[in-house]
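Following: one structure in structure tokens, then a few remarks.
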Amino acid sequence: MSPYNTRGAGNRGKRHRAVLIGVDSYDHEIDLPAVTQSLRLMAEALTHVTSGVLDESDLVILPDPAEREGSPGAARPVDPFEAHAALRAARDEVDGLLVVYFAGHGIVRSDGSDLHLLFTSSRVTQDPLHPFVDALSWRNGVMAELRKAKADWVVAILDCCFAGNALNEFTPEVRQNFAVLMAAEPGVEIPPGAEGIGTDFTVALHGLLTGRTAADEPVSFTRIVPEIREAMAPFKAVDGHRWVPEERRHGDDVLLALTPASRRVNCVLPPPPHLPPPVPPEAHGPGEPEHGTAESGEPGPEAVAPDTPEPAPAEPGEPKPAPVASDTPKPAPVAPDMPKPAPVAPDTPEPEPVRAEQGGALDRVRQRLRALRRKRAIALTLALAVGAGAVLWAAPDWPPGGGRGGCTPPMELRVLVDPDVLPTVQKAADAYTNRDAEGCRTVGIGVYAGKSTDVVDAFRSAALWQSPLPTCPVSGDCLRPQRDLGAQPDIWIPAAGSTLARVREGQSGSARETVRLAGLGPLAFTPMVLAVPDLGPSAAGARTRAPLGSLIAGLKTGRPAGEEPLQVLRPDPEGTDGALLSTAALYDSVSAGEPSVGEPSAIEAGMADRLRPMPGTARDLMCALSDGSRNTLENRAAVLVPEQTMALFNLPSKVSVQGTRPSCASDTLQHRTARYPTDVPVLELPFVRVTWTDADRDTKARERAVKDFYEWLVGDPDARALFVRDGFRDVEDGKQAPPGPTSPLRAPANDGAVSLDIPDSDSLMSVASIAGALSDYRKALGPGRVLYLLDNSTSMEDKRVWSGPGRAKELVTRSLRSLGALDQYGVWTLAPEKKAKKKTDHPDVVRYGKNTLIGAQKAVGEAKAVNADADIVTGLTDALRTLRSGSSGADPRLIVLITDDEDSSELKRKDIEAVVKAAGQGARVRVVAVSLRPDGCAPGRLNQRLAEVTGGRCLDPSDSIATELTAEVAKTGTGDAE
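Structure representation (structure tokens):
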């Protein structure tokens, strides 16, 4: 199969892009001035007049070279959030070739894992769990975005120390075309390069991509690999280490450079404009002329060709015409120590590919690119000697292009939202950033969601968001807002105003000094409803308004004798504001004397028995009900969800002006009517401006951007229409407005199912009531039972996944904090000891039963790997038997399997089928399988099958394992409640 070609007939109309990132200035590391030149060389190599696979308008460059104009040598800070925003935009917008290039500092953990790309403000802390601040993780920041890219081909190029360590976390999708070229092998540091010349790796790569002749083959990825290795062979990395670029390719092949096509008859270049005097280089002092400048009286690299006729236009997608030699003498390559270039004859032999120690052609590239620092309106034409002719290059502006690809990276606003409102706010953010008619965004908006309880905890201890603690206990039992939620937000949009009140009431003094939260007003309204299937009580109960306990009691009236009652469900109350408020009302109805509801323990046991784990959002809950393979609740569950969620799921499948039904919805699921609990506050989506102390960069511009976004959200008809079409009620003078004609609440499918009048409800719920409900929820199911199965075989140490941050033992010790004194738990190892009398004698690292947290963590920390294979099947079988014995109650039970999958990958099919069958039968025991290999959760693998059949989870390095595992154990244990 031919390599992918951006100029091919089928690819000409596609969107291609290169995101080029070069960080030359650092606040806490040494500067890398050579990166400035490397960034320019890479841009030229991809858009070269004869060999480039991209157009100048396809480039996004960070930092924007235009911002350096007029300030020779000035460095511009590069923000990791700008880079991440550029990657995310490329992920969604590119459908052809996507190239991502990074030059700067790279760093890894002490065990060689977790490669991070460092930016201007990046710093390294002493925190072993979160050592890199304001850096971009290759695994979680770069790879996580690129593996979701829509592009036909993705190529990543890393020119940094430890670039080869990216191989540890190179996890493309199964059918994705993806290649990564790394400057050196894993664990190897590389020299910084020379200012004005570039980093050695990029200089060599530039020469190989641009130095092709008509006789050469096009440069594909597979061809460039041996060539760049040969080019780097004479060089040495830091400490005299051999310099061998590394690579990995997943897919066929892709062209990175073309070759000049057969030259057309009379095909010549257009006449260039007169070139202004070149800009002196920064290295020269005042009065020191550059080689070959006008002051020297000698022809320099910027010498222009005489006027020539216009070339014949090329057909769309054809290779660009090769330049034709003129009679004007061309400057020859010069050595670095020569004072000036000398004229040469037209038949000068082609120079060797440029390397760091060579001067000639590269010197001309350097001077040519320095001239680009002039104002963007100046048209520059530059000459570069290649072969026997002169290549003339016109650069009307920099960065290349005036279209979308050449836009200045926008300021990035970070918006933290409640998970239930994420889809709508994301639509609004996308519409807002796409307003510019020319396609250039002035502001980028990154929208991300966090669990409601995590957000409240983070703002209450906001100082930890800026400065994480230098050390944590081995368990990891300390608040980590950056890890658990993400970057410090500029805007916070919870679903309920009571959530903002909870933060303010519980904030510490240092938190109030660190962050200021200013509510600007509501964005939209939606009441919580009890959405009842039409097959339940008669439609006469539709749109009923009453306290939640009374509504639930009413579900039992009018049902045929012996018919199974409807099950009341709501999402995880730790996940969203709406679910927590509903839970508080549910528990309050018990204390108010509503016997039909039951105690919190009975409520949660009934929900857990029907659907576990409980989905985190209202939409996820509705989607889970529609998945008949997981449950039979599609038409037998009444759910507590926002009215707008129910309204969307009620819509027919075809798209209409009144909203779109979620893709997971089913025809049975859509028939629901709303009961309105009067003791659950209406969700009002408050817009909260978040201001951080000591966050001085772009303060005024950021304030203006936040204000402009808010005013657009509340005042622009297009913005309001987005909320209305998603089922929210509009805002008039700060209060709810009746639904308009485009609202799904007025769709025929919701006729009689919702109340068009403004429903009554308690405007506020006390902070104490909400806090009490959260504590009761965490205690409701009583003590849990957990068994950890820890793979301690030889391969765990050989693969360096046994000890250290984020490794097997640390994952166990950290997640143990979710278990309390009343929980029963233990830690078994799976590689049998030689002294074991029988196969079922599992070494007890922590004996199963009630334990102290400190003692259990110490025992796990002292555990050793052994020279034996792990017996995965026997361990799972015995753990299932242990957890199912001795109790018939609703207490939650969990197995945590942590392995590198080496031994499980060799299991016989009959053994796999037997253990999966055993896991799915009998009393429910969830299995959370943690794989320490990148593809450990692939469909069909044992880990994934165990998770599916037990309602558990499968976690692999593409997930935030430490955070997710701790959360999964918390669903079973009572440690957090205590």
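Sequential numbering of the sequence shown, starting at 276, is according to this note's numbering.
Backbone N, C-alpha and C define an ideal beta-carbon position, used for all residues, glycine too.
Ignore the nearest five residues each way along the sequence and tell me which others in residue i's own chain have a CB closer than 7 Å to its CB.
{"i": "S736", "result": "L754, S783 and A786"}
{"i": "V700", "result": "V690, V692, V722 and I768"}
{"i": "V955", "result": "M803, L823, L856, S857, A860 and S1036"}
{"i": "L960", "result": "V696, I768, A770, P797, L798 and A799"}
{"i": "R290", "result": "E368, V369, D370 and G371"}
{"i": "M1071", "result": "W1077, A1083, A1140 and D1175"}
So, is residue i buried or exposed, given that buried needs 16 or more other C-beta atoms within 10 angstroms?
{"i": "K975", "result": "exposed"}
{"i": "I296", "result": "buried"}
{"i": "L1039", "result": "exposed"}
{"i": "H981", "result": "Correcting the residue identity first, residue 981 is Val in this sequence and not His. Answer is buried; the Cβ neighbour count reaches 16."}
{"i": "Q1196", "result": "exposed"}
{"i": "T1157", "result": "buried"}
{"i": "S928", "result": "exposed"}
{"i": "G676", "result": "Residue confidence is low: G676 scores 36 on pLDDT, short of 50, so the model does not pin down where it sits. Its coordinate-derived value is still stated next. Per the 10 Å Cβ criterion, buried."}
{"i": "N1142", "result": "exposed"}
{"i": "V513", "result": "exposed"}
{"i": "P1167", "result": "buried"}
{"i": "I336", "result": "buried"}
{"i": "P952", "result": "buried"}
{"i": "R315", "result": "buried"}
{"i": "S1090", "result": "buried"}
{"i": "T907", "result": "exposed"}
{"i": "A1043", "result": "exposed"}
{"i": "A704", "result": "buried"}
{"i": "R1208", "result": "buried"}
Got a sec? Which residues, its chain only, sit under 6 Å from residue i by beta carbon, not counting five neighbours each side?
{"i": "A1048", "result": "T858, A859 and Y862"}
{"i": "H525", "result": "P447 and F453"}
{"i": "G345", "result": "Its pLDDT being 45, under 50, G345 is placed unreliably by the model, and nothing is read from it."}
{"i": "G772", "result": "E959 and P961"}
Could you have a look at residue i and say whether DSSP puts it in helix, strand or coil?
{"i": "Q1099", "result": "strand"}
{"i": "C898", "result": "helix"}
{"i": "M803", "result": "strand"}
{"i": "P1266", "result": "No answer is possible for residue 1266: it lies beyond the span of the chain, which begins at 276 and ends at 1253."}
{"i": "P1016", "result": "coil"}
{"i": "L334", "result": "strand"}
{"i": "W413", "result": "helix"}
{"i": "P1167", "result": "coil"}
{"i": "G719", "result": "strand"}
{"i": "E521", "result": "strand"}
{"i": "E1243", "result": "helix"}
{"i": "P606", "result": "Confidence at P606 is low in this model, with a pLDDT of 39, below 50, so its placement is unreliable and no value can be given for it."}
{"i": "F407", "result": "strand"}
{"i": "D1119", "result": "strand"}
{"i": "Y985", "result": "helix"}
{"i": "E304", "result": "coil"}
{"i": "Q1132", "result": "helix"}
{"i": "E492", "result": "coil"}
{"i": "R282", "result": "coil"}
Since residue i and residue j should fall inside the 8 Å C-beta cutoff, what is the C-beta to C-beta distance between them, to a whole number of angstroms?
{"i": "M921", "j": "A806", "result": "4 Å"}
{"i": "D251", "j": "M889", "result": "Residue 251 lies beyond the range of the chain shown here (276 to 1253); nothing can be said about it."}
{"i": "T774", "j": "S727", "result": "6 Å"}
{"i": "L483", "j": "I503", "result": "6 Å"}
{"i": "Q842", "j": "A893", "result": "The Cβ separation is near 16 Å, so there is no contact."}
{"i": "L1065", "j": "W1103", "result": "7 Å"}
{"i": "A426", "j": "V369", "result": "4 Å"}
{"i": "G387", "j": "P338", "result": "Not really, about 30 Å apart at Cβ, beyond 8 Å."}
{"i": "E918", "j": "A940", "result": "With a Cβ gap of about 16 Å, E918 and A940 do not count as contacting."}
{"i": "P355", "j": "L307", "result": "With 8 Å as the limit, P355 and L307 do not qualify as a contact, their Cβ atoms being about 16 Å apart."}
{"i": "G333", "j": "A364", "result": "Gly is not the amino acid found at residue 333; the sequence shown has Asp there. Actually they are not in contact, since the Cβ atoms of D333 and A364 sit about 13 Å apart, beyond 8 Å."}
{"i": "H516", "j": "V463", "result": "5 Å"}
Residues in its own chain within less than 8 Å of residue i by CB, not counting five upstream and five downstream?
{"i": "R779", "result": "L792"}
{"i": "R1122", "result": "G1101"}
{"i": "V963", "result": "I766, W767, I768, P769, L775, L792, A793, G794 and L795"}
Where in the region 1178 to 1214 do unbroken runs of the beta strand (DSSP E), each at least 3 residues long, occur, reported from the N-terminal end onward?
Positions of the beta strand (DSSP E) runs, each at least 3 residues long and wholly inside the region 1178 to 1214, are given as 1201 to 1206 in order along the chain.
Runs of beta strand (DSSP E) wholly within the region 1024 to 1100 (minimum 3 residues, chain order)
1060 to 1065
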